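Below: the structure, in structure tokens.
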Ligand code: SF4
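Residue numbers (this note's numbering): 344 to 548.
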């Protein structure tokens with residue numbers, strides 16, 4: 344796809360090479376690209392610094408792709424903020440040209456731009472995802488804070504593709520109670536898996 348008329352820069356909050364700490368790809372090394380901007384504004388957000396684009400540095404997609412390709416792992420996680428607030432087609436195109444595997448982390452509140460090897464959708468009850476993102480997600484990762492959240496998780500799962508991987512993750516600030524809730528739920532509904540934020544337990548980002 345030609346992306347010449349689309350902005351070739353993106354507002355970057357940070358980039359770093361680390362280990363994916365949550366979801367089904369947990370444990371895999373990846374280069375993280377955190378974009379600025381989010382209109383979902385979850386009260387528990389642990390990346391609030393990414394909401395404001397004024398905190399970001401504008402970088403060209405060529406520079407970002409070159410930095411991503413300089414790491415030993417072929418995996419690149421595009422995250423935020425809400426990355427789909429930006430047109431991601433030019434960045435995806437550059438990453439693909441470098442034979443990198445492009446993973447997206449999104450709340451699904453905006454249309455998908457670009458093409459991805461893995462879409463992890465983490466839907467939010469107060470700002471539900473678009474059906475088109477639910478249908479294209481490879482992984483549905485629902486954060487559970489209380490027992491009420493399971494109904495939302497099931498509503499989302501009903502719209503996801505049959506092959507979408509379903510995971511439940513405890514809200515970190517409430518992890519003791521929500522981990523037990525999830526444990527019990529998954530035993531009764533084994534189509535779901537448990538995700539923990541491993542990076543927080545071992546103290547890396
Ligand atoms: S969607 Fe993600 S980045 Fe945006 S407020 Fe919620 S947790 Fe934070």
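Beta carbons: idealized from backbone N, C-alpha and C, even for Gly. Since the structure is predicted, the reported quantities are computational estimates derived from the model, not experimental observations.
Relative to the alpha-carbon of residue 352, which residue among 370, 451, 548, 431 has its alpha-carbon at the smallest distance?
431
Best match in 412, 536, 476 for proximity to residue 372 [C-alpha to C-alpha]:
412
Any contact between the segment 360–372 and the segment 383–403? By contact I mean 3 or more CB pairs, one from each, below 8 Å.
no
Is it true that the CB of residue 476 sits closer than 8 Å to the CB of residue 455?
yes
Within the same chain, show all residues whose beta-carbon is closer than 6 Å to that of residue 495, passing over the 5 residues directly before and after it, in chain order.
Non-local C-beta neighbours of residue 495 in its own chain, meaning closer than 6 Å and more than five positions away in sequence, comprise 468, ordered along the chain.
Taking 7 Å as the limit between beta carbons, can you name the residues of its chain near residue 392, skipping five residues before and five after?
356, 398
Using only the heavy atoms of the ligand SF4, determine whether one of them is closer than 7 Å to the beta carbon of residue 467.
Flag set: Cβ of residue 467 near the ligand SF4.
Residue 584: CB within 7 Å of a non-hydrogen atom of the ligand SF4:
A question about residue 584 goes unanswered here, because the residues of the chain that appear run from 344 up to 548.
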